[in-house]
Amino acid sequence: MSLTYTAGSLVAARGREWVVLPESAPDMLVLRPLGGSEDDIAAVFPSFEEVRPAEFAPPSPADLGDQRAAGLLRTALRIGFRSGAGPFRSLASIAVEPRAYQLVPLLMALRQRTVRLLISDDVGIGKTIEAGLIARELLAQGEASRLAVLCSPSLAEQWQGELREKFGIDAELVLASTVSRLERGLELGQSLFDKHAFTIISTDFIKSTRHREDFVRHCPDLVIVDEAHSCVAADDAAQGSGSSASNQLRYELLRKVSADADRHLLLLTATPHSGKESAFRNLLGLVRPELATLDLESPAGRARLAEHFVARKRADVRDYLTKEDGLADDSLAERTAFPSDRWTKDEPYKLTPAYRALLDDAIAYARDRVAEAGEQGKREARIAWWSVIALLRSMVSSPAAAAQTLKTRSESAVARTAHEADLLGASVAADSADNDRLEGMDVAPGAAESEDAGARLLELAARAAELVGPAEDAKLKALTRHLKGLIAEGYHPIVFCRYIPTATYLAEQLEGKLGKKTEIAAVTGTLSPQQRLERIEQLAAEAGEAGDPAVRRVLIATDCLSEGVNLQHHFDAVVHYDLAWNPTRHDQREGRVDRYGQKRDQVRVITMYGEDNGIDGKVLEVLFKKHRQIKKDLGISVSVPDETASGVTDAVVEWLLLHGRQGSQESLFDMEDGYQESFERIKREWTSAAEREKTSRSKYAQRAIHPEEVAREVAAVRAALGGAEEVRGFALEALRDLDALIRDPREGTGDFTAQAGGTPAGLRDALAATLGNRLVEENREIPFRTTPAIARGEAALVRTDPAIGAIASYVLDSALDVKAIGPRPARRCGVVTTDAVTTRTTLLLVRYRFHLTLPSRTGERQVVAEDARLLAYEGMPSRARWLDDDAAAALLAARAVANTHEQSARNAISRALDGLPDLAGHLTEYGTSLATELDASHRRVRKANEEIVRGLKVVPQEPADVLGVYVYLPPVAPAAAAVSASASTVSGAEA
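According to this note's numbering, the sequence shown is numbered sequentially starting from 409.
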């Protein structure tokens, strides 16, 4: 006759102990190993396998540990938790420790029945982490069952990696390049959005009519939209423009997706407003239709918006949960190490005589061509205009780009109308802030207007090809000098170019010119997004494998890397080799390295510009200096409207064609009245947009969640799972005890390194699986960092880091197995003589299990969760005087002041273990009290959603597991000590 087991009870099967999960049935038990994770769940059939009730065995009095045994065992246990009992179901199972400020969007989400949020935190704050936290939590709670992320195709692999590595969500890529393969695996009539629960989808691919309708019909119940500002357009946007048309298609898609009021929707963007009120309103309308027409001037309107909108700058969260935030003290204060203000410098260069002559002849050709086309008609004039733009931009980029452009047919040459010529020309020659065609944008444009370039263009191309190398290319020579300076100061720079031929040219020319200890690589649009990331990792690995800290990395890249890709772990300086024609593009480039996780306090930025090429100086003067001044005055970076940037650059080119390169050297402020008036108008419009952006940031600042509420939940999470200092101390002590070679922590940082060659084989294998075989097999130093933002081959000193998990698992398993071979840092018993107590005090490490009933929109969810607590009492077990939680935790810091008599130690621990039955009543009461606290915590987090908390239950599973028993004895009187001086003792290091 088979027994019936309740959820949360312990059973023994397959040679180990398991926890019974709620999904079990009488004929099939669903089990999780005691202290194991969701990945270890197994199904056992009692009819075919032996299953019996199990009780957690008490500690053995013969297996005594030292004064650190309790703390090590407690931390190892808590690190191993993957199913915490608190209101955040996912925090124990994700591989990232979120910053406190990143919990704000999560708290906002949990107060909504259907989650609708616009997350607009500044670049580099961590919107991906914030969205991932919400997604993982909704999935863990059963509030969502399927997920789709809509993003740019260039960011799809990065999203896939982030979700898989940090949140355990394995998503399928749905891109133009993968859809055929995916569709071949479908059954008749099946949608790939039904087959794959988690998908990452290219917004460019899904906006087409056929795929859009299929996606809308089978859309998941949770959708995340990255770069959401590109999915709406201002009501007054130029009709028919490429950017506007693409935005409109995406907008129509999202309107259909958001129309389902029960669908969770997260919109992510660092630029929700950018001075365009109608675009901002359209974005709000996707969150909730009523928000689009809300009176945002009224306090009630702003309060309503605050429930769905969070927008913070770095300064808002750099120091968080401090007294300045309204808290009583700084005990929970968290400082996030964002880089300080960027160090920037504009570096001019002058053309060589040969290059000046080539450019002058190119300008003369351009002038003649524009004049000739203007007499042929509007279409011909626009084709000629864009061909000239392409020619001039390539000419000032590099000889290689110039030669390529001069021999290539213009993209706009196939246009049938002037409007079509503008669409084709602008897409490859302009630098739009919102351009959704970053893929392919780095191809050198064409200047020839027929299949065969004319003799004049071919002659110019031949001359350009002769100017390669530092002798005639002063720009290349200047770059070499700047890079040597950065390398000498220890920097790892990225050089951004506009065109593929320029990037390839620089990589070839710089090879061997920057020193033997410099590794160089180029990444352009010729590589797929995945290959780009692999090339960067390869560059980092080659530099790291050299084993020499003096080795430097230099990356040459086009703007295929200017958006979305995180490069802060490998690079810390940016050189703008080619001046973009929109300052927003420079912000995007610099944002790849100037973000959370950057180890340098200050990122260096060098902007190169041609002092005498007739273009760069004016673009720098009008666009970039104005952009920097706005950022300095308002404290925020405001995207430059495309029409503003193109207006300036068009005027510059027109002036250049009229007056030549020499005439263009005068200041823009000395230009004719018509141009001057145009520039002044552009400046006024830009300043107005910036003021509106600053006003909106202040007006709609995050006020829905007060820092006190965040602090309360952070304190609760740390109490249950532990904090950063505890994890760091645990890792140091455990690795030392396990015979790792520790290099002294670097002063002030908290970082340290460890070589694992001398540790037990089981630990080496576990570390190799997370950090890489070569790192462990070759006994290299493993850096342990206090920051969660780490590079490959490093470990973060956070509980969710896989390497820390491997150490904790080994420490816990060896503590529970008295027959384990090798060092065992933690033990389940200990006796310590210490002046931290004045009477005999016993500390218990107790593991509680809870059966949770969690209501959700889709019905009740049954969960078994764990919690570890320290309980302490004074005196004998039968007359225990219980201490509060703080006093119990304080015993972990107690240190031995004398050796303990061996017989006294045995007697003390035996009495404590024999008295455990007398403590059962209090342990049960404590478990009931803890269940009540957990119930209140769940209700508090979801306080605005009564429907969700109705039916919530938290029931403790009895009996609790006593994992550790540690007795603390006060020092004996001197006379008594003398009597036993010759008796055997247990040393303080073992007691």
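Don't be surprised by glycine CBs; every beta carbon is placed ideally from N, CA and C.
Exposed or buried, what is residue i when buried is set at 16 or more other beta-carbons lying within 10 Å of its beta-carbon?
i     : result
L751  : It is Trp, not Leu, that sits at residue 751 in the sequence shown. So W751 ends up on the exposed side.
L662  : buried
A784  : Rather than Ala, the amino acid found at residue 784 in this sequence is Gln. Counting Cβ neighbours within 10 Å, Q784 comes out exposed, since fewer than 16 surround it.
N990  : buried
E1398 : With a pLDDT of 46 at E1398, under the threshold of 50, the predicted position of this residue should be treated as unreliable, and no value is reported.
G1005 : buried
A1386 : In this predicted model, A1386 has a pLDDT of only 48, less than 50, meaning its place in the structure is not dependable enough to derive any value.
S706  : exposed
V1305 : exposed
S654  : buried
K1034 : buried
I1229 : exposed
A1169 : exposed
R422  : exposed
S1075 : Since pLDDT at S1075 reaches only 49, below the 50 mark, its modelled position is unreliable, and the value read off the structure follows with that caveat. So S1075 counts as exposed.
G920  : exposed
N1187 : exposed
G1213 : buried
T1057 : buried
Check for me: the alpha helix (DSSP H) holding residue i runs from which residue to which?
i     : result
P765  : The question names Pro, yet the displayed sequence has Ala at residue 765. It spans 761-782 - the alpha helix (DSSP H) in which A765 sits, taken as one unbroken run.
I791  : 786-805
E545  : 535-549
L571  : 564-575
V903  : Premise fails: V903 lies in the beta strand (DSSP E), 901-904, not in any alpha helix (DSSP H).
K1007 : Note, K1007: premise wrong, no alpha helix (DSSP H); not H, not E.
H619  : 617-625
L713  : 707-714
R507  : From DSSP, R507 is part of no alpha helix (DSSP H); its letter is neither H nor E.
H591  : The residue you asked about is not His; residue 591 is Glu in the sequence shown. That run of the alpha helix (DSSP H) goes 587-592.
S996  : It should be noted that the sequence gives Gln, not Ser, for residue 996. Its alpha helix (DSSP H) spans residues 991-998.
V725  : 722-725
Rounded to a whole number of angstroms, what is the C-alpha to C-alpha distance between residue i and residue j?
i     : j     : result
R815  : G576  : According to the sequence as given, residue 815 is Lys; it is not Arg. Approximately 50 angstroms between the Cα atoms of the pair.
E867  : R625  : 58 angstroms
G648  : E828  : Model confidence at G648 stands at a pLDDT of 45, short of 50, so the residue's coordinates are unreliable; what they give is reported in the following sentence. One C-alpha to the other measures close to 9 angstroms.
A508  : G1180 : 30 angstroms
G898  : V959  : 9 angstroms
R455  : L439  : Note on residue identity: the sequence assigns Ser, not Arg, to residue 455. Straight-line Cα distance between these residues: approximately 15 angstroms.
R777  : A792  : 7 angstroms
E1189 : L1183 : 8 angstroms
E927  : V983  : 16 angstroms
R1257 : L418  : 10 angstroms
Q566  : E1202 : 19 angstroms
A415  : E942  : 46 angstroms
T412  : A1276 : 27 angstroms
E742  : R1136 : 16 angstroms
A808  : L767  : 14 angstroms
T1340 : R1347 : 11 angstroms
R720  : Y728  : 12 angstroms
G650  : S820  : Here the model assigns G650 a pLDDT of 49, short of 50, so the residue's position is not dependable and the matter cannot be decided.
D754  : A772  : 29 angstroms
L975  : V1001 : 5 angstroms
Less than 8 angstroms between the CB atoms is what I'm expecting for residue i and residue j, so what's the real figure, rounded?
i     : j     : result
V427  : L437  : Incorrect: roughly 10 angstroms between the Cβ atoms, too far for contact.
D471  : R1235 : 6 angstroms
P1379 : T1247 : In fact, because the Cβ distance is near 12 angstroms, the residues do not count as touching under 8 angstroms.
P513  : I527  : 5 angstroms
R689  : H716  : Rounded, the Cβ-Cβ distance is 14 angstroms, inconsistent with contact.
Identify the continuous beta strand (DSSP E) that holds residue i and give its terminal residues.
i     : result
G1018 : 1012-1018
D1275 : 1269-1282
Given 8 angstroms as the limit, is there contact between the stretch 1366-1373 and the stretch 1317-1328, that is, 3 or more CB pairs closer than that?
yes
Just checking, does the stretch 1308-1321 make contact with the stretch 487-505 on the three C-beta pairs under 8 angstroms criterion?
no
Does the stretch 668-676 come close enough to the stretch 627-643 to have 3 or more Cβ pairs within less than 8 angstroms?
yes
Just checking, does the stretch 1004-1020 make contact with the stretch 935-951 on the three C-beta pairs under 8 angstroms criterion?
no
Does the stretch 1137-1149 come close enough to the stretch 1211-1226 that 3 or more CB-CB pairs lie under 8 angstroms?
yes
Are the stretch 1293-1309 and the stretch 1265-1273 in contact at 8 angstroms, needing three or more beta carbon pairs?
no
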